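Data block below; observations after.
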Ligand SMILES: Nc1ncnc2c1ncn2[C@@H]1O[C@H](COP(=O)(O)OP(=O)(O)O)[C@@H](O)[C@H]1O
Ligand SMILES: Nc1ncnc2c1ncn2[C@@H]1O[C@H](COP(=O)(O)OP(=O)(O)O)[C@@H](O)[C@H]1O
């Protein structure tokens, strides 16, 4: 089957600390460039990585204070897809209970936040979230 | 004692593959910037990281095909030192048997190579190498 | 630190152009909001955010911009944006922000459209 | 790929200036060497490598440059460098390369010193 073998994988473990999502975007950029992804797509990947990281930073309450990322180049002979995993060992949440935000409602709401997952889904080709008592794993991918 | 606590640590695992040292330099840059290291020093760190990575890529023959890096911010209250560890689980070597290169000799030698460790030592403040049957670990640090 | 946001203010009568430089995250968004509320208090009702110097934003930062939009609707003012990266523009579309704030490719186009 | 080296050649009589752009690694060094040997075969004896466009090198790439220096000594020619980043210059010092190749801050200074 096309696009399913892992051709190359980079792992990154970040501490939960201010601006550390920038380190994640740089790793993503390197791996994406190494598979010749277009600059515009790389930029979209970067934004999705930022959102997934700040979610883990802000919401996970992971006891180890870490966020684990992998950047996998998937393909057959040629690189086809960049698959990024962002994992924390925190409290987890129920993704089905997250309300889809709309600006109309947010304009009257006290809480303007709640856009991260929607942005990730809008910018990446495929997104799956597994979450439970042992933490949260966001797997997101984008074809080159 | 000053400068000995780990304030923050980023880990990176790279596959042994062309240009992957660039990914390492980007992670190094992010962490160094986060501790406000000067651009010139960051650039020296980058060069040392390149050399340590290509050594592991080229010489280690690590069976797992990976190079493991950590970027640790050491300090007391304030960040003081960036400590970078580059580790492979390869064949290892005896650092005491590595000849210190001189250009005079290299100009007449067939083999012009052999500069990596000298460059690392010249650019970083402190460098220690542990190497044996279970692989090689280069620990190098630079104060901000 | 990586990139703390810089803000330049160009008052042109009723219109004010804010030039951002750097990351619009929590702190970046707050900085813009503080400036915007100050301008609103001074009677300015049209603010153009020129994002040419911003290559990265996050949703926390954008949420703070939504507060400014809400305020503008209240006072019948306008918040507009120009010179966005394609990704930031796409993100604004994903969020539906384009319905409540003008998005323009560059500053001259924005200034003309805002007609101030 | 990350950065494959680009090379521009400016023949000025005896002197040739080579402008590099990108990473001088194994392949980058080989590209420079191939070009240099071609120029030497054509009778050029003074080559100036302007590294303004190179922000990163590795020791494998530099080792290949040492081969060019060796060749130049043989034919009584000259290899010189200009517009290095501080780190690349420091690295050349660490290696002792500055004893065998002129290192100049910028191209005009280099051209004057090479006196061609
Ligand atoms: N890694 C995570 N760990 C725990 N909860 C999370 C995580 N990621 C998202 N969530 C939950 O999902 C909600 C929606 O996330 P998101 O759409 O990114 O918006 P926001 O972070 O602004 O609230 C969060 O408020 C949080 O409750
Ligand atoms: N990670 C490593 N694993 C095994 N051997 C190594 C490693 N790093 C360095 N070496 C050994 O040390 C020697 C000197 O390394 P270096 O100074 O970087 O120059 P070069 O890589 O050009 O030979 C290498 O040739 C190799 O034999």
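Chains as they are written, first to last, in the numbering used here: chain A, 1 to 144; chain B, 1001 to 1144; chain C, 2001 to 2116; chain D, 3001 to 3116. The beta-carbon is built from N, C-alpha and C at its ideal position, and this holds for glycine as well. Keep in mind that this is a model prediction, so the values were computed, not measured.
Report task. Mind listing the chain D neighbours of residue 1119/B? Cutoff is C-beta to C-beta under 8 Å, in chain order. Result -> Within the second chain, numbered from 1, the residue matching residue 1119/B stands at position 119. By Cβ distance, chain D contributes 3059, 3091, 3094, 3095.
Query - residue 2059/C, enclosing alpha helix (DSSP H) - first and last residue - result: Along the third chain, read from residue 1 onward, the residue named residue 2059/C stands at position 59. Residues 2059 to 2075.
Query raised in the report: Does residue 3085/D come within less than 8 Å of chain B when only Cβ atoms are used?
Result: Start at 1 with the first residue of the fourth chain, and residue 3085/D comes out as number 85. Judged by the 8 Å Cβ criterion, residue 3085/D is in contact with chain B.
Query - Under 8 Å by beta carbon: chain C residues contacting residue 51/A - result: Reading the first chain from its first residue, position 51 is the one you call residue 51/A. Correct list: 2058, 2059.
Query - Terminal residues of the beta strand (DSSP E) in which residue 1088/B lies - result: Along the second chain, read from residue 1 onward, the residue named residue 1088/B stands at position 88. Its beta strand (DSSP E) spans residues 1079 to 1088.
Query raised in the report: What residues in the stretch 1093 to 1109 of chain B have a beta carbon less than 7 Å from any beta carbon of chain D?
Result: 1102, 1103, 1106, 1107
Query raised in the report: residue 2062/C versus chain A: which residues are under 7 Å apart at the beta carbon?
Result: Sequence index remark: in the third chain, residue 2062/C carries index 62 (1-based). Within 7 Å Cβ-Cβ: 115.
Report task. Using 7 Å as the cut-off, classify the Cβ of residue 1038/B as near or not near the heavy atoms of ligand 1, replying yes or no. Result -> As a position in the second chain, residue 1038/B is number 38, starting the count at 1. Answer for residue 1038/B: no, Cβ out of range of ligand 1.
Report task. Could you tell me if residue 3059/D is buried or exposed, where buried requires 16 or more neighbouring beta carbons within 10 angstroms of its beta carbon? Result -> Here residue 3059/D refers to the residue found at position 59 of the fourth chain. Burial call: buried.
Query raised in the report: Does the Cβ-Cβ distance between residue 141/A and residue 83/A come in under 8 Å?
Result: In the first chain, counting from the first residue as 1, residue 141/A sits at position 141. In the first chain, counting from the first residue as 1, residue 83/A sits at position 83. Yes, the pair counts as a contact, with Cβ atoms nearer than the cut-off.
Query - Beta-carbon neighbours of residue 1047/B, restricted to chain D and to distances below 7 Å - result: Within the second chain, numbered from 1, the residue matching residue 1047/B stands at position 47. Per Cβ cutoff of 7 Å: 3087, 3091.
Query raised in the report: For chain B, is any of its Cβ atoms less than 8 Å away from the one on residue 3076/D?
Result: Counting from 1 along the fourth chain, the entry for residue 3076/D is found at position 76. Not an interface residue.
Query raised in the report: residue 2081/C lies in the beta strand (DSSP E); which residues open and close that run?
Result: On the third chain, residue 2081/C is found 81 positions in, with the first residue counted as 1. Start and end: 2078 to 2082.
**Report entry** Counted within 10 angstroms of its Cβ, other Cβ atoms place residue 2024/C as buried (16 or more) or exposed
**Finding:** Your numbering for residue 2024/C matches position 24 in the third chain. Residue 2024/C comes out buried.
**Report entry** Where residue 25/A falls: helix, strand or coil (DSSP)
**Finding:** Residue numbering aside, residue 25/A sits at position 25 when the first chain is read from its first letter. Residue state, collapsed to three classes: helix.
Requested in this report: May I ask which residues mark the beginning and end of the alpha helix (DSSP H) holding residue 1075/B?
Outcome: As a first step, residue 1075/B must be located in the second chain, where it is residue number 75. Counting along the chain, residue 1075/B falls outside any alpha helix (DSSP H), though it belongs to the beta strand (DSSP E) covering 1066 to 1075.
Query raised in the report: Are the C-beta atoms of residue 3024/D and some chain B residue less than 8 Å apart?
Result: Taking the first residue of the fourth chain as 1, we reach residue 3024/D at position 24. Taking Cβ atoms only, chain B never reaches closer than 8 Å to residue 3024/D, which makes this a no.
**Report entry** Inter-residue Cα distance where the pair is residue 61/A and residue 3106/D
**Finding:** Here residue 61/A refers to the residue found at position 61 of the first chain. Here residue 3106/D refers to the residue found at position 106 of the fourth chain. Their backbone Cα atoms lie some 53 Å apart in a straight line.
Requested in this report: Return yes when the Cβ of residue 1143/B is within less than 8 Å of the Cβ of residue 1080/B, no when it is not.
Outcome: Within the second chain, the letter at position 80 stands for residue 1080/B. Within the second chain, the letter at position 143 stands for residue 1143/B. In this structure, residue 1143/B lies closer than 8 Å to residue 1080/B by Cβ.
Query raised in the report: Considering only residues of the same chain and omitting the five flanking positions on each side of residue 100/A, which have a CB-CB separation below 7 Å?
Result: Here the question's residue 100/A lines up with position 100 in the first chain. 118.
**Report entry** Same chain only: Cβ atoms within 8 Å of residue 145/A, ignoring 5 sequence neighbours per side
**Finding:** Residue 145/A lies beyond the residue range present for chain A, which begins at 1 and ends at 144; the question has no answer from this structure.
Report task. Could you round the C-beta distance between residue 2064/C and residue 2030/C to whole angstroms and report it? I think they count as a contact, below 8 Å. Result -> On the third chain, position 64 is the one that residue 2064/C refers to. On the third chain, position 30 is the one that residue 2030/C refers to. The pair is a contact, with the Cβ atoms about 6 Å apart (cut-off 8 Å).
**Report entry** Selected residue, minimal CA-CA separation from residue 1054/B, among 1067/B, 1098/B, 1135/B, 1110/B
**Finding:** As a working mapping, residue 1054/B is identified with position 54 in the second chain. If we check each option's Cα against that of residue 1054/B, 1067/B comes out closest.
Query raised in the report: Counting only beta-carbon atoms, is residue 3035/D nearer than 8 Å to chain B?
Result: In the fourth chain, residue 3035/D corresponds to position 35, counting from 1. By this cut-off, residue 3035/D is not an interface position.
Query - Three-state secondary structure (DSSP) of residue 3105/D - result: For the purposes of this step, residue 3105/D is taken as residue 105 along the fourth chain, with counting starting at 1. DSSP places residue 3105/D in coil when its eight states are reduced to three.
Query raised in the report: Is residue 3006/D near ligand 1, in the sense that its beta carbon is under 7 Å from a heavy atom of that ligand?
Result: Residue numbering aside, residue 3006/D sits at position 6 when the fourth chain is read from its first letter. Residue 3006/D: no, Cβ never under 7 Å from ligand 1.
Query raised in the report: Quick one: Cα of residue 2018/C to Cα of residue 2047/C, how far?
Result: The residue labelled residue 2018/C in the question sits at position 18 within the third chain. The residue labelled residue 2047/C in the question sits at position 47 within the third chain. If I take the Cα positions, the gap works out to 7 Å.
Query raised in the report: Within 10 angstroms of its Cβ, does residue 128/A collect 16 or more other Cβ (buried), or is it exposed?
Result: Looking up residue 128/A in the first chain gives position 128. So residue 128/A counts as exposed.
Report task. Consider the C-beta atom of residue 1113/B and the heavy atoms of ligand 2; say whether any pair is separated by less than 7 Å. Result -> Walking along the second chain from the start, residue 1113/B turns up at place 113. Residue 1113/B Cβ: within cutoff of ligand 2.
Report task. Have a look at 2007/C, 2108/C, 2053/C, 2103/C and flag the residue whose alpha-carbon is nearest the alpha-carbon of residue 2079/C. Result -> On the third chain, position 79 is the one that residue 2079/C refers to. It is 2103/C whose Cα lies nearest to the Cα of residue 2079/C.
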